[in-house]
Structure formats: C-alpha cells, structure tokens
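Inspection log for the structure reproduced underneath, given as structure tokens.
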Amino acid sequence: MSAATATATATAPAPTAGGLSPAARTAIKVVVWVAVVGVLYWVPQYFTPVQVGLFTKVIALAFAALGLNLLTGYSGLISVGHGAFMGVGAYTTAILVADHGWSHGAALVASAAAAFVLGVLIGLPALRIKGLYLALVTLALATLFPEVVKRYGDVTGGTQGLRVPKFKAPEATDLANDQWIYYVAVVLLVLSFVAVRNLVHSRVGRALIASRDNETAAETMGVHLSAYRVVVFGISAMLAGMGGAVNVWQTNFVDPGQFGIVLSITVLVAVVVGGAATILGPAVGAYLVVWLPNGDILPPAVMPDLILKDNPELIDLVFGAALIALMMLAPYGLVGGIKLALYRLKQRRAVAAAGKAPPGGGEPAVSTA
Amino acid sequence: MSEFLQFFFLGLGRGAIYATLAIAVVIIFRATGLLNFAQGQMAMFSTFIVWGFYDGFGLPLWPSVLLGMVVSFLMGALIERLLIRPVSDKAGHNPLPVVIVTIGLFLGFQALAPWLWGETAKPFPQLFGSGSVEIFGASIDYQTLGTLAMLAAEVLVLYLLFQRTKVGLAMRGVASNSESAALVGVPVGNMLMIGWGLSAAFGVLAGVATADVGLDSTLMLGPLIYAFAAATLGGFDSPLGAVVGGLIVGVVTELLAHYVDAIGNDLKLLPAFLLILVVLLVRPQGLFGKAQVTRV
Amino acid sequence: MVKRSRLTRLLALGMAVGLAATACGGGRDDEESSGGGASNGTTSGGEQATGFDIDTSECTDYQPDTGVTDTSIKIGVSLPLSGPYGTAFAAISRGYEYYINSVNEAGGVDGRQIEVIKYDDVYNAGTTKSNIDKLVQEDEVFATFNVIGTPNNLAFRDDYNAVDSLCVPNLFTGTGSQLWGQTEAYPFLIGSIPAYPTEAAVFVDYLQQQKPDATLAVLKQNDDFGEGYAEALVTAIEGTDIEIVQEEVYNSDSPDVTAQITALAGSGADAVFVGATGLACPNALKAITGAGWDPITYISATCTSQTILNLAAPEDTTDVLSTGYIADPKAGCEAQLEALDPELATNMEDFRAQVQANGGSAEDASNGFVAYGWSMGQLLEETLKSAPELTRESVMEAAYNLQDVDLPLLLPGVSANTNGVEDPFVIESLYIIKYSGTCWETQGEVVDVEGRTKEYIPEG
Amino acid sequence: MSPLLDVRDLHAGYGPITVLRGIDLTVEDGEIVVVLGANGAGKTTLLRALSGMIAGKGSATVDGNSVLGRRPDQIVRLGVAHVPQGRGTITDLTVDENLQLGAYARKDGEIEADKERWFELFPRLRERRTQTAGSMSGGEQQMLAIARALMARPRLLLLDEPSLGLAPLVTQEVFRSLAQVNAEQGTAVLVVEQNANLALDVGNRGYVLETGGIVAAGSAQQLQQDEAVRKAYLGY
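Residue numbers (the numbering used here), protein chains in the order written: chain V, 130 to 498; chain W, 1316 to 1611; chain P, 3 to 462; chain G, 5 to 240.
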C-alpha cells in the first residue's frame, strides 16, 4: 500500500545526501570511491591464494546477483533460474577454451552473448505476465539445465565434467594466476556495476522502476515497457553468464552438479540479503553467501558453528531460518536497511528543522484558500 | 496399441501425483495470490507426520492420514500467521520477500525431516494396496485408480467448500480483493490462515500418494516442477484445472519420454518446462483460470 | 619456482579433457598395451616395493611432509554432509571417524595421532575444489582421503594429484569410476571400491554360466556411474552370446522407474541389470514384480544397502543378485557370516562393539555405509603404517604397493592389492551375492580378477 | 445523547507521513454528513482511519466504542460499513455473491429478505444477479458497492467519493438512492466528496477539510451559501 510505496521510494537510490553542500558531497563520494578501489586492489596483495580464490568466487556470484538485481530489484521480475544462466556462461567458456582452443577473453564475450540470447528467450513471457509467474519458468529452467548438460555429454563432458585450461597471467604482469584472475574479474565487475547504475538511472530504468511500483504506470507505458523488460532480462542473464565464466577461471572445472537449483537459490539469496534495488547490495550479499560457510576469517560464523558442529546436516535449517528472520527484520536487505535507516534519520531531522511543515514525499500539500 | 495404453496409464499414475500437489499449490494461490515454493517440502514433511502416527503410534493408515491432515492444517495456518504474514504485511505488493520466506521454508523442512525422523528412507505403504486391473491388455494399478478417485473427491470437496460455504465465499472474496472483503467484515487474516492450512492439509494427500516410492526428504523434489506445470496449465486458481493439468502433464511427459528418443526418460522435464513457457506466453490464464495472471 | 614442462601439462590436460568429452572415460590408456592381464599383483612377498616408484621431479613446489609432525598426521576430507545427498554419505565419514578414534586412543600411527579435518561440499564439485584448496594450502593437510563423487575428485586431481601438480596424495576416493586407474598421469590419486566395470564383468561372467545365450535389459542412472556400467557391460559381453536387447535411462531425482521397467519388461529379456542408486533400486524391483516379469535380476552394489532393500517387499527382493566384497553388518544376518567364515563373524562382532564404544549408535553398528567407512579407516592406517617414511611420495608408493592387506570386514578371499601402473585398483575380488529376502548370501567362490580390471574398461 | 460517531483530535497518515493533523467531527444517528475537500486534503485518509485500514491517534468512537486500534472486520461489527474509493467491488464474485459476502458479519436469517430489498432499490442489480461484478459498468458497480455495504445493516455508512468516474445522471441516481436508504432505514451516512453540490443537496451537515484539518463546518445550507466554500468546491 502507500506505506510500502513510500519505503520503496526510500530504498531507491537517494538522489541527495541530506544537509551537505554539493562540494562536500562530491568530496565524500570521491573518498568513498578511492577507498573502495583501494580495498579491491589490496585484497590479492594481502590474502592467501586460497582466500583470493574465494574472493573471485564472490565476484562470480556478484555478477549474477547484479544481473538478478536488475531484474528483481528494479523491474519486479523474479528469477529463480540465474544459476542456469551462470551455467550457460560457464559451459560456453569451458567448451570453447578446452575443446576449441579459444582464449579466455574471447570466450567471455561468447559466454555473455549466449546467456543474453537464452535470457531473452526465457524472458519472453515477461511481455505479458507478472513477475511472480516468471519465477516458475526460471525455476523449471534451473532444474532442467543440469539434465540437458548430462544428456549432451559428447559436448559437455556429462557428469564427469570438463577440465578447463587455466586463465594464465601474462608474463609481463608479474602476477600470480589467482591475482591476475581476481584483477580481471574485479575490473569487469566494477565496469558492470557502473553500467547497471547508469541503466537504472536512465529513462528505461526509471520506466522499469515506475512499472514495478505502480500498475497504472505499467499499463500506460504499454508496449515499450514489455520490450524493455525482455531486453533487461537478456542483460540480466548476460551478467550471470559472465559470472559463470569468471567461475570457470577460478575452478578450472565445470560439471552439471555445480549449476543446479541450489546455485540459483544462492544467487537470489545474495540479492535479497544484500538488498534488492540497491546498487551495492548484490556485492555485499555475494560476499556473505560465499564467506559465511567458510567463516574462518571475517566474518566469524560463531553461531552456526555451535549449532552445526554435531549436526552439519542442519545447516539448511539454520540458513532457512536466517532468511526468514532477515525478511521479517530487514526485508530490504542489509544495504537497503541501512539506506532506509539513513533516510528516516534524515526525515526526522528535516521535520525537526522545519517545525510543522510537511516533509517531502507523500501527498502533496494543498495551499490554504 | 496395448503398449500405448500401458504408457498412457503410467502417465495417468504420474499425472495423478502431480495433480495432488498442484491442488495444494492452487489452494494457496486462490487464498493468497502466492506461489508457495515450499509446497513440495511441506507435503514431504507432512507425510513424515503421517508416518509418525502410522509407524510411531501404530495407528491404521487412513486414520494416520486424517490426523496428519489435521496437524498439517495447524502447521500451515501457523506458518502463515507467524512467518508469512509479518513479511507480506511489510512488503506490500512486492512478492519477493514472501518468495524468499517460502525458499527459507523449503530449506528448513528439507533439513528438519531427516534430523527428526532419521536419514534412511521409510517404506511407506501403498495407500490403495498393490495390484492392478487389466484393461485392453494394459494394466492400471490400484494406486493410480485410487489416486484418481481421491482427486475426484478432492475437487468435489473443494468445489463445495468454495462455492457453497460462507468461509469459501469469504476466501474467494479475500483472494479477489482483500481490502473490500475486510470492509464487509471478513477477518482477512483468518482466511489467509485457513488457506495455508487447507493447502498444507491437502498437501498430505499429495505426499502419501507419492510416498510408496520410499519416504525421505527428496520425496517431492521431482514432482514439484511438474505440479507447477500442471497448475500453470490448469490456470492457478482452479482445483479442477489443476487435476486436468496434472493428468495432461503426466500423460504427455510419459508418452514423449517413451516414444521420442530426443526426450527420453532423462529429459522428461523438458516438455514440462516448455509447457510452462508456452502456456505463460500464449495463454497465461491457463485452460481454466481467470485472466488475472496477465496484469503486467 | 619450478618451471613446468608445458608439453607434459598439455598432454595431461588433453587427456583429462578428452576423456571427459567422450563421456565414456577410461579407455585409451597408453599403458594398456603393457598388458598385465596375466600378471597377478600378489606375487612378490618382500616388504620393499619394487614395482612402483614415483618421480616427484615434475611436481610443482613439492612438499614431502607437510601435515606430518612427530605427534600428528593431518588428513583432509571433503564430502556431502548436508543437502539431499548429504545424510547417507555422512555415515561413511562416521565409520572412519569411529575407527580413527580407536586408533588414536591406542596411541595412533607410530605415535602420531590422525587428525581428520572434514568439510561439507554438498556434493558440489566446485565446492569440493574450494575445500581441497583450503585443506591443502591453509590447513596444510598431508593427504586428502575418501573424497566422495566422481566429478568431485575430477575437479581437483589436475591441481593436486597429477605428475606435474602440487603432488598431494588423494587416498582411496569414495567412487568406483574406472578413471582412478590412470596411475602414470595421476600417481597421487588412488581409488578404493571395485570399479564399476569390474562389477559388470563379474556379473556377465556369472550370467554366462547360468544362461550362455541370455538376453539382457539394462536400467541405468543418467550419470557417469550409470554410463560406466552400461559401457562396461557392452565390453564384457563381447565374445559371448549374451545380447543387450534394451536399455532405459532414469534421472536420479525421479526414483519412480516404473515406466522404464515396463519398457524393459516389454523386451522379455532373460536378465536385467539395474545400475541405480537410492530409491530407484527398490522401485525398480517393485516394478519388475508388478510387471509380472521374472528375469535374473542384478542390482548394482550401490543398491545393496539394507535400508534401501527394506523399502521393497520380500517378494520383490528375494533372489536378487549383486556383487559384494565386504560383509553386511545387518543385525540378524550373523548366521550367514558364521557359515561363510567364523572369523568374519567374530570380526563383525568386534566391529559392532567398537563402533558403539566410539560413540556410534546401534543403528550405525548395522549400517553398511559405516562398515565401509570403518574399513577405509583401516586401509588408511595400514597404508600409513606400511610407508617406509611419512612423505607424500612414500605413502603413495605404499598405497600402490598393497600386498594382500586383509581388512577384517572384507569377505574371505578378498583383500586390498595394488601394484603401481600394473594394477592400480585396490579391490578386485568379488562374490556374486544373492538376497534371501532378509540377508545377503554369497554364491560360490570368490571371483578374483586381481590385476585385470583394466581389461574391462571399455575402449574410448 | 452522545453522537453516533465522535471523532476528536484524530491524527493519521502513512508511515512517516502524517496526513490528518487533529480532526474533530461528529455524526448523529440518522444524519447525512458531507466532508468536502480537494484532492489530497485527507478525505480518504479520514475514512480509512475510521474503518481501521490505517492506524490513527487521538480518539474516534462509534456508540462509545473506540474504533482506533481495531481491525476492519471488527469495526464492521460495530455497525460501520465503508464503501471505498473506486468502489472496491469484488470483481471475481457475482453480484449475488458480493451481496452475500456483505452480510458476512451477520448471523440472522433475514439475509435473503435484505437482498430483495436492495434489489428493489437497485433493480439493475437484480437483472445482473449472476454476472461477475467485474463485468458491470461503473455506475452498476457503485450501486453494488453501496448495496453490499448495506447488507451489513450498518448504523453508519462511510462513502468515499461515490461520484468518482460516474456520469452525472448516474451520480444523481446514486445520491437519490442514498437519501432513500437514509430515510427508510435511518442509516447515518458520512460521505466525502469533491463534487459537493449533489452531496450537500442530500446532506444535513458538512465539514470542509484542507491539508489535514477541518477549516469550516456547518449545516448543508450554510455551507452552500458560504462564499469561500462555493468558490472552492461548488464551482460558482
């Protein structure tokens, strides 16, 4: 209802940060960006190769989560099948590199393209139906994908999988393989983040957000909107496909078991945990989803360890309960929750500052006669 | 001919199972407009509850099933009240948080069942006994015939409930327009609880009809997608549609698996997937449903 | 840093990829021509290994004794502990943990405690790879052990087990793929259970005795395991009058295989080979009865667990055949063991008592998975003990030079024997076993195909 | 005698946004009261707060029972029926079922008789008895919404912009029917309207709502004659 609309507006990227001069705001932005880039640069210098490998897994998942967020967060279309798009990307890279001698770079482009095409096909029903129903198509796709891989074992390696040559660091870079892969992946990811951010803030993005929040808006936009949605579905799948390729760089091995329904759920969970419809949410979510089960460095997973020590099979119960709890306490995810808290704080300050004047948003104030 | 008929009957048997689960999917959809991704795992869990009465307390099979339905009704109602509603109230018209909750339920039940009842599969009895009848040289087993009869009874009961009782009318009212229903005095929350409860209770029938393959936590992982395909074909809000959809999905997938090598038994899921895709693309309201799916 | 030979590397990769891509694995082993068909690995009696010598010169950054101290040996495990496949496999790890517990309490291996570090991989090969990375590089385990699943082992063997890898032992994998015989390329990996082709060959052998011109129907799971059986059967019937008349496939998450069995029954074959796992096994048996079909029925060794057979009625399971190499710990079947070999019955009693003494339940003490895990623990202990020194190279040489290692729960006449490239397969003696409806009974004598498994591996 | 509906210092809004800032208002038994106001003045918010669809602060009682903090279905049982803006008929149900559902909170046996009564008042509904509400015209749906609300036998009917989207002739018919119901049944009516003329014609008293507060109140005649009100809401 209206309350929900209000909060949804709040979680959309806030155009202004409260109470600061434009110059100060720019300064803060610059500092934040420098810090982010610095941390991303520093990671493979500091961490061990195994840990850098896990960070690369985070990046692979973050690609898919970024793509899914474009779909689910901003367009209101739910996909439970992004694991399959990752799989298509992964297998495209694996087959081209392992069996056809392609370079990893060229294969990445092919992976993105293949996932895009499949995404458009799967997204076609989005022309006519509401978001929830797409979940069905994508769920079925996620379940079907490993079976198709198994069936065409001549090409895919079947259940025995396919070993893929390493993505080697060029000699000139003087980097170890794990560092090289990490840096390539992280640069691509940052570029993709910027691209998605621009897309969301474009006319198309605004149309999608409006249609998510308001059915009337959706109806008035009609045909254009449907076309946008299908294309966005394709882009979303494409990002997942790139994530799949990055995943191959890290594991050097594909098999159908890696791309089952569990992966799809993991991507969805990453989006929601981080915060749907926030720019940084998917990355945060991907980080948590990868690191929590490996929680021996930040953040320490003390709780699950206590419960799960004797009953490791209960991890899904803990995980499921945590998801439900998160939806109850912070349905907009961690990043979304923080943004919402900041927004409320700002509003409270604005109300306090302006006395009884109505705060922005909500029903427009009518001047007295 | 008799071979064709034989596989047609086998398809009916599979389809009957899909239909029982599809009915549970449809009940929640009717009551709340929601797709419950944990539907299969809830049915699995409920079947373990039936197993508890049957094996643990040594009760006869059918009373165990009925008790299982009662317990599952309460379980479904409580899930709605305690886990779904707090989230859906906050989420407004955004379905994502509730979808995530159902995924959480999926994972939770999957882990809980083997923890409570042990990791080994249980030998669950055939609900309608073993044996079969010959028809034109093909055999159809009691389990299939019994499940079909049970489905007919389910559809009749649901028809009477929704069309002939005050609660049913109120549930339909809430499903169509919960705000207006509240404004004429319908306690909307109670109706949602009843919807989840009913769905969980009918899910028991899906579980016990399937469980003669051996009861473990994977019981409904296979049927769930087919059940969704059945519900899609039937139109999401019609129990009769779910049954017809389930039977069509069952028969079509089995016949294709047997007669078309390109599909085969390992890619049975392919026709189900294509069915969902095509139905949503061409006729989103399915065979029996109302057009509400199409609101973009 | 060691500069790796590019050529060898490419060869190894090409091999792995080629094998995987043809999806029939095995085959075209370069060393096949070296024969070994006639040779029997149990000849030499000396303690010093002569047959197999691992060359570590191509290893990357070879660390001979990481994970070994004067008081401990670290062993790493990755296996499914959660998720739909997790619970059954967890029993295997309980089995070797009970055993290792008892070893440690008795003072360990030459005064060293065996420390097992175990991670859950949910049966996901990508996760297995990450787990092994972590185990080797961060936990610094000496060796990995009994990793479950064929793709799961394939995911990391090039990085850790190949001649030009980090050269970390991967001992006694928990899968029966014939790929675990490529000793030259992967000297740091060794399997454990009889390879699927061995099993298939022993069955065909038996069938030939019973009905030389039998027609055979095959049900297989749609993965490397089912495919492995199917292809091995084709190889095994070559030169016989047995004919495969029909083959049906099923998907592991749809255990209702009535349709497939109905189709197979339609062929009217004399015998049926059920290459299945989990719930598909009892359902296949039920469907065979239901179809009014009465073939000679063989179920793969993966189906022989009592908890699985209990799901079908006695009339479905009676007289069903399989192969066995390890005693079934099912309570109530002691008489069969006693009749076969009184010592085995005593060993079984001992096993039960020790499992329970080490924290296992009565259920665990009669669980076949636990018994297998327990035996793997013993095999690990034997291997570590028999290695002249605790280096990775030496332990692998020991693993590839097992001489009649008689684990207490193995059936009479079955023992662990290996001999490097000649004979890389650990257990190659099997009994045909028949189910009475309640217990497994061995049929005839042990079929010893020691050193011959490679013959049954189909050509790529 | 205390008024049927007694609202004092009512505040309400959506989330962090407050719309109503201290409303005082009464409706006596059997009265028709009109609330005038522009778009966004808070009219709909007022009705939604009274029927329990949003939370409110302050006090609002029906027959001495507070409605604040109660759920909509509980408030219906206090004798309040709300016809929401945009009619809010249950489009998937038939006319007959809509009316049947309207009597949900009742336990007596006169439901069929009541249906007959409203079919008398709105004969077109009888013709379309078995049609789904969604298939009817806007005017018919408005009649159905009112009839359905009346099926609850309310003592107070809350009407939100009944004229919205209706042709003038239909609007007239709707208001005539309202007056008739009021006269025959003694049902009190609180109607919020932008189209004030017709409403004030049938109303006894009225309030003017601006930016969340009452700025004027009086009898229907007084308001119709007030220059400011006339300019702002009556358009002459």
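Glycine included, each C-beta is placed from N, C-alpha and C at the ideal position.
Here the structure is a predicted model, which is why all the values come from computation and not from measurement.
query                                                                                                                                                                           : result
Could you tell me whether the Cβ atoms of R121/G and V99/G are closer together than 8 Å?                                                                                        : no
Tell me Y437/P's beta-bridge partners as DSSP assigns them.                                                                                                                     : W442/P
Just to confirm, are G1452/W and S1317/W a CB contact at a threshold of 8 Å?                                                                                                    : yes
K1437/W CB to nearest chain G CB: under 8 Å?                                                                                                                                    : no
Does the contact criterion of 3 or more C-beta pairs under 8 Å hold for the region 1567-1585 of chain W versus the region 294-313 of chain V?                                   : no
Which bits of chain V does D160/P rub up against, with CB to CB less than 9 Å?                                                                                                  : R292, N381 and F382
Quick check on the burial criterion: 16 or more other C-beta atoms within 10 angstroms. Buried or exposed for S254/P?                                                           : buried
In three-state terms, what does DSSP make of G465/V?                                                                                                                            : helix
What is the residue span of the beta strand (DSSP E) that Q223/P lies within?                                                                                                   : T217 to Q223
State yes or no: is the C-beta of P1586/W within less than 8 Å of the C-beta of V1567/W?                                                                                        : yes
Measuring straight from C-alpha to C-alpha, what distance separates T325/P and A303/P?                                                                                          : 6 Å
Name the chain P residues whose beta carbon is nearer than 8 Å to that of R445/V?                                                                                               : The question names Arg, but residue 445/V in the sequence shown is Asp. Result: S84 and G85.
Does any CB atom of chain V fall closer than 8 Å to the CB of E140/P?                                                                                                           : yes
Note down, in chain order, each residue of its chain lying with its Cβ closer than 8 Å to the Cβ of G19/G, except the 5 sequence neighbours on either side.                     : none
If you count every other CB in all the chains shown that lies within 10 Å of the CB of N126/P, and 16 or more means buried, which is it?                                        : buried
Only counting the same chain, and skipping five residues up and downstream in sequence, which positions put a Cβ closer than 6 Å to that of L1463/W?                            : A1331
For N327/V, count the other beta carbons within 10 Å of its own beta carbon; 16 or more makes it buried, fewer makes it exposed. Which is it?                                   : exposed
Under 7 Å, CB to CB, which of the residues in the region 152-178 of chain V have a partner in chain P?                                                                          : T177 and P178
Name the two residues that bound the continuous alpha helix (DSSP H) containing K1405/W.                                                                                        : R1400 to A1406
Tell me, please, which residues DSSP counts as bridged to H15/G.                                                                                                                : R25/G and K61/G
Rounded to whole angstroms, what's the CA-CA distance from G424/V to T380/V? Just pull it up for me.                                                                            : Bear in mind that a pLDDT of 46 at G424/V, under 50, signals an unreliable position, so the number given afterwards is only what the model happens to contain. The alpha-carbon atoms of G424/V and T380/V are separated by roughly 20 Å.
Return the residue from the list R25/G, D33/G and P76/G that minimises the CA-CA distance to V1501/W.                                                                           : P76/G
Who are S1267/W's beta bridge partners in DSSP?                                                                                                                                 : Chain W is shown from 1316 up to 1611; residue 1267/W falls before or after that span and cannot be answered.
Identify the continuous beta strand (DSSP E) that holds D164/G and give its terminal residues.                                                                                  : L160 to D164
Anything in the region 1481-1500 of chain W with a Cβ closer than 8 Å to a Cβ of chain G? List those residues in chain order, please.                                           : K1481, L1484, A1485, R1487, G1488, A1490, S1491, N1492, E1494, S1495, A1496, A1497, L1498, V1499 and G1500
Which residues in chain W have a C-beta closer than 7 Å to the C-beta of A90/P? List them in chain order.                                                                       : E1434
Could you list the residues in the region 85-97 of chain G with a C-beta less than 9 Å from some C-beta on chain W, going in chain order?                                       : A85, H86, V87, P88, R91, G92, T93, I94, T95, D96 and L97
Apply the 10 Å Cβ neighbour rule to A412/V and answer buried if 16 or more other Cβ atoms are within range, or exposed otherwise.                                               : buried
With 9 Å as the limit, tell me which residues of the region 186-198 of chain V have their beta carbon closer than that to any beta carbon of chain W; keep them in chain order. : none
Where F1477/W and L105/G are concerned, what is the direct C-alpha to C-alpha distance, given to the nearest angstrom?                                                          : 13 Å
Where do the ends of the beta strand (DSSP E) carrying F147/P lie?                                                                                                              : A145 to F147
When the Cα atoms are used, what is the spatial distance from D226/P to R280/V?                                                                                                 : 11 Å
Taking just the CA atoms, how far does H1408/W sit from V39/G?                                                                                                                  : 30 Å
Closer than 8 Å, CB to CB, is T1533/W near chain V or not?                                                                                                                      : no
Please return the same chain residues whose Cβ sits closer than 7 Å to the Cβ of L455/V, not counting the five positions on each side in sequence.                              : V402
Just tell me which of F1323/W, L1376/W, T1480/W and G1348/W has its CA closest to the CA of D1552/W.                                                                            : G1348/W
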